[in-house]
Amino acid sequence: MSRLSRAPSYQLHSIESETNYRAPTDFSYKIVLRKPGNSNQTDVVAYKPQAGDLAALTDVKPTCISDLNRPKMPYILAYVQSVEDGKLSVRSSKPIMIEQDMQRNKHIDLFFVFLINLTTNVRIWNALHPNPILADLPIINKVIQTNDEKECAVCLSENDSVMIPSIKSYNLNDSQEAAITSCIKTWRCNHQNSHVKLIWGPPGTGKTKTVGLLLLVLLRMKCRTITCAPTLIAVMELASRVMRLVSGTLEYETYGLGDIVLFGSSERMGMDDHENLLQVFLDYRVEMLNKCFSPSTGWNASLSSMIDLLEDPRGQYGRYVTHRELGINQDEMDDPLSLEGFIKKRFFQYNEQLKFCVVNLSTHLPTARISLQVVTDMMVALDLLRSIETLLNRYDYGDERLSTATKTCLPVLESLARSFRVPEYIHKFMIKNLCLDNAYLLFCTASSSSKLHTERTQELDLLVIDEAAQLKECESTIPFQLPGLRQVVLVGDERQLPAMIRSKISGEAEFGRSMFERLVFLGKKKHLFNVQYRMHPAISSFPNKEFYDGLIMDAPMVKHRSHEKDFLHGNMYGAYSFINIAYGKEQFGHLLSKMNMVEVAVVCSIVGILFKEFNATKQRVSIGVISPYAAQVHAIEEKLKQTYSGCCCSSDSGFSVRVRSVDGFQGGEEDVLIISTVRSNLNGSVGFLSNRQRANVALTRGRHCLWILGNETTFIKSNSVWTKLVLDAKARGCFFNAHEDKHLNEVITTTLIDLQQFDILLTMDSPLFKHAKWKICFSKDLKKSMSNIKNKEVHKQTIKVMEKLASGWRDDEKKKIIVGDDDGCCFGLLQVSLIGDGELSLVWSVELEMVKGKSEWVIQVLKVWDVLPLLDVAKVAQKLHILFAEYTVEKISRCRYECTEGNLVVPMKWVVEDNPIEGQEDDRMQCLPTSGDAHSNLNPSSSSSSNLNPNSNSSSLGFHYAIAIAIIAIFVSKYLPWPIFFSITFFIFILAFLIQHLGFSL
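Under UniProt numbering, the sequence shown has 817 at position 817, and the numbering climbs by one with no breaks.
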């Protein structure tokens, strides 16, 4: 119900009571829905709800749950029983009181709000409450028994090569081949009543390939098998795999595909986009066979008509003429045909019908209903008819060659007429039952398998459930009760994602637990696929160790040098890396889900770099971007469309990008996988990201490269699997900071500015200022003013000025504004830098900060006070004058002291001795070198290249005082001996040097 605001809702066009309306037990109605946003009362909505839909009927389009319980009209629940010709037959929980008003065309709004489809839930309920007389429960009873089955001693002694068709040519490893052999033996065993086998397929171990080969072997051995999966996507993926395998083994073109049936909802399966599966899709098959079974244009009628035409063409023409004269066939009342024209027209008509029937009968009929010999004879007949067609186009009727060809063809057609006839069913459900009853391999979801209880009369032998760890235990009981089943093979991995359960209450009650997981918990033996073929060893290392106890080996192919792809330059973009996004910020976004726009920007930037590299090298690459949060997936998709619309193209072009949630990516794989983890907070909260199964899926989708984007601090504090992942990445040298990469740092900074996240930007540790020459501090007034400025361009200009100041840039002397230089206000400490066109100004000053290390240092730092109109600077200056008035003369002089390196001003620092002599502070002045870190470099270094510009009164006075002493000494030198004069002169110049370069004051 929390997703109510996003539920499909439609206005009712009309409503009327059903004939079986029986209050107060049966409130049945017929309703028609209106097209969204269309006021035309005659338009019927294109959306057609399905039987089993549960909806709320309400007088307002709801945006939240409280909208359903309005005093005027509380909501009414409606269950869709059937849909026919745009009309919905529904049963409501209460009588709909406005029905008569709507029939009188009064303007009353009533909305149909879709809530959920209950079809699967109803099927589960029925499976859990079976008819005790009709129920078939041997497999269910076997599951209840906790003891594991023992291998049959008789079957163990049989020769596998005799019992099982060869699978050596498919390059299976030992564990895969053993799994297939074990399943076949179990099915062939007649000495034990029932078996349940578990096949454990970790990521990349060839699970789908092996299951496909198992089904191929079972098909060859005529084992009646039903294959289920939790979702239609999984079912269609497995069916496609089997189709590719079967296509190379068919004895005659498409003959044999009739033994395979895929059924389900055509609309939900999107069959229009899966033409490769149409040949085995039940609904399509029924349509094609219905045409072949047609009494007027089907196989029987077309074959009979062709034989009659070839045997007695003149007699057929005579009947045609007679019918025209009597006006029997109105469709033949056009211009009369000659004998030759009639023969050609009818021959071509019957020939096309026969071609259609031969192709579709050989493809869609099960082999139990049409033999290979019949299909071969059909193909021979088509070849002979093709020869006659060629002769008819070249020669006149009556030509000897045409007569000879006709005599050759007739016996083949007559033989077919005697040996093979199709049933002339008048109802499609009869054709459907024919296909289901005679098929050897069926594909459907576990829920849809319930249809076989009523639509198939033949018993099944074996049930295979793929992705069994994702199928709810209660839902698996639906196929488990199909008639005749003795063996079940469950294929899955309980260490990957389980079934999706939205309700917390249901989750806590283990409603989402699978039968696979239950049996593993009970100690049931699993057959492990122990070789992975997908991931580069650098990618598989952590998941293998963390989730599979090191049981999985890397195949030789992934360890080969050819599997190592360098799609981008730099260690950060190697096979495996954790990229620390230290300056991201999680927030709520689309669908009330979390997102991190800094990670979005970084992801899209990396995709853009990959696209640029692809254009340069033309190296094919498929990219997967996954995130656990729907809002992040949505944000990445939108930004990719806006920024790199040209790169999100199909795989046919050689470059493809797929953005999905973690849950939506299970079973998928890509060349490069980028994970956006989103979470970024100080308390280590990672939410459902801490789920080990979800983490396992996310980390095992990449083939050649896996790049994980996340916040180191959050993960380290989370005490989850992500903590181990970060520590593992650091230990392996695969940990990188995004802000240390020049390009990504620019992307992060730009994004933070666009998002106005000044709480991150305006700090000493932000990516803008962390490595600047000057340490920079920010006042609260500045952050407040920046937030009040709505113009993003002004934000960028202001940030740019602060960046330049931190790098040592200063205004030209002509443009330099020092507040109070003339009138003494602020003691010349306060400076102003103009922003953009000069409407705004940045107010700042140089301050001093004590830094402790091996020694205590006083260092110059920048303090940015505010950004405001130039006219308001005086007000700020008055306030700051009070603060600056408390500074000592010495502090003011040090704040005003400037040290330059080239055109840049670098901060000064002074060391303060622990034990000053005779109570005087002994300090030494030094410029911070360009290569030093303005925040943390406490070691003195040479500054011989620096040009010192003393501004303090004390150092200037000391310098002139030293010069005066030198002049006096020279004047009196004629009265002193040379050794004494030399000593005095040397002492004076040393003193002058110390005053000038080390800042000693006298």
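The C-beta atom is built at its ideal place from N, Cα and C for all residues, glycine as well.
- Secondary structure note for Gly256: it is in no alpha helix (DSSP H), with a DSSP letter that is neither H nor E.
- Distance from the Cα of Leu309 is smallest, within the candidate group Leu172, Met288, Phe348 and Ser296, for Phe348.
- Closest by C-alpha distance to Ser540, out of Ile116, Tyr21, Thr63 and Gly204, is Gly204.
- Under the three-state reduction of DSSP, Ala446 is assigned to coil, being neither helix nor strand.
- In the structure shown, Arg22 adopts extended strand secondary structure according to DSSP, grouped into three states.
- Comparing alpha carbon positions, the residue from Ser449, Glu467 and Trp844 closest to Trp200 is Glu467.
- A residue is called buried when at least 16 other Cβ atoms come within 10 angstroms of its Cβ; Met430 does not meet this threshold and is exposed.
- Here Pro869 is bridged, per DSSP, to Leu840.
- Where Glu740 is concerned, there is no enclosing alpha helix (DSSP H), because DSSP gives it neither an H nor an E.
- Taking every protein chain shown into account, the CB of Asp812 has fewer than 16 other CB atoms within 10 angstroms, so this residue is exposed.
- Using a Cβ-Cβ distance cut-off of 8 angstroms, the region 268-280 and the region 297-305 are not in contact, since fewer than three pairs of beta carbons, one from each stretch, lie closer than that value.
- Around the Cβ of Phe688, a 10 Å sphere holds fewer than 16 other Cβ atoms; the residue is exposed.
- If only uninterrupted alpha helix (DSSP H) runs of at least 4 residues are considered, those enclosed by the region 300-357 are 313-326.
- Under the DSSP definition of a beta bridge, His364 lacks any partner.
- Under the three-state reduction of DSSP, Arg421 is assigned to coil, being neither helix nor strand.
- Secondary structure at His274: coil, using DSSP grouped into helix, strand and coil.
- Looking at the backbone, the Cα of Leu436 and that of Pro295 are separated by about 22 angstroms.
- Nearest neighbour of Met595 by Cα position, chosen from Glu637, Arg224 and Leu282, turns out to be Glu637.
- Counting the other CB atoms within 10 Å of its CB gives Arg6 a total below 16, which places it among the exposed residues.
- When rounded, the separation of the alpha-carbon atoms in Ile233 and Leu219 is 22 angstroms.
- When rounded, the separation of the alpha-carbon atoms in Phe542 and Leu77 is 50 angstroms.
- The C-beta distance from Ala499 to Pro767 rounds to 42 angstroms, too long to fall under 8 angstroms, and the pair is not in contact.
- Boundaries of the alpha helix (DSSP H) harbouring Lys545: Pro537 to Phe547, taken from the DSSP string.
- Under DSSP, His427 takes part in no beta bridge, so it has no partner.
- Nearest to Asp312 by alpha-carbon distance, out of Ser338, Cys292, Met288 and Ile343, is Ile343.
- When DSSP states are grouped into helix, strand and coil, Arg268 belongs to the helix group.
- Cβ contact annotation for Thr367 (same chain, cutoff 7 angstroms, sequence separation greater than five): Gly256, Gly258 and Asp259, in chain order.
- At a Cβ-Cβ threshold of 8 angstroms, Val832 and Leu842 count as neighbours.
- Counting only the Cα atoms, Glu473 lies some 36 angstroms from Asn683.
- Excluding its 5 nearest sequence neighbours in each direction, Ile892 has C-beta neighbours in its own chain below 6 angstroms: Phe827, listed in chain order.
- Put simply, of Asp461, Val657 and Ile65 the residue whose alpha carbon is nearest the alpha carbon of Thr186 is Asp461.
- Rounded to whole angstroms, the separation of the alpha carbons of Tyr29 and Ser447 is 28 angstroms.
- In the DSSP assignment, Ser506 falls within the alpha helix (DSSP H) that extends over Lys504 to Glu508.
- DSSP places Asn117 in the uninterrupted beta strand (DSSP E) bounded by Phe111 to Asn117.
- Glu847 and Val819 have their C-alpha atoms roughly 15 angstroms apart.
- Note that the C-beta distance between Ser362 and Val375 is below 8 angstroms.
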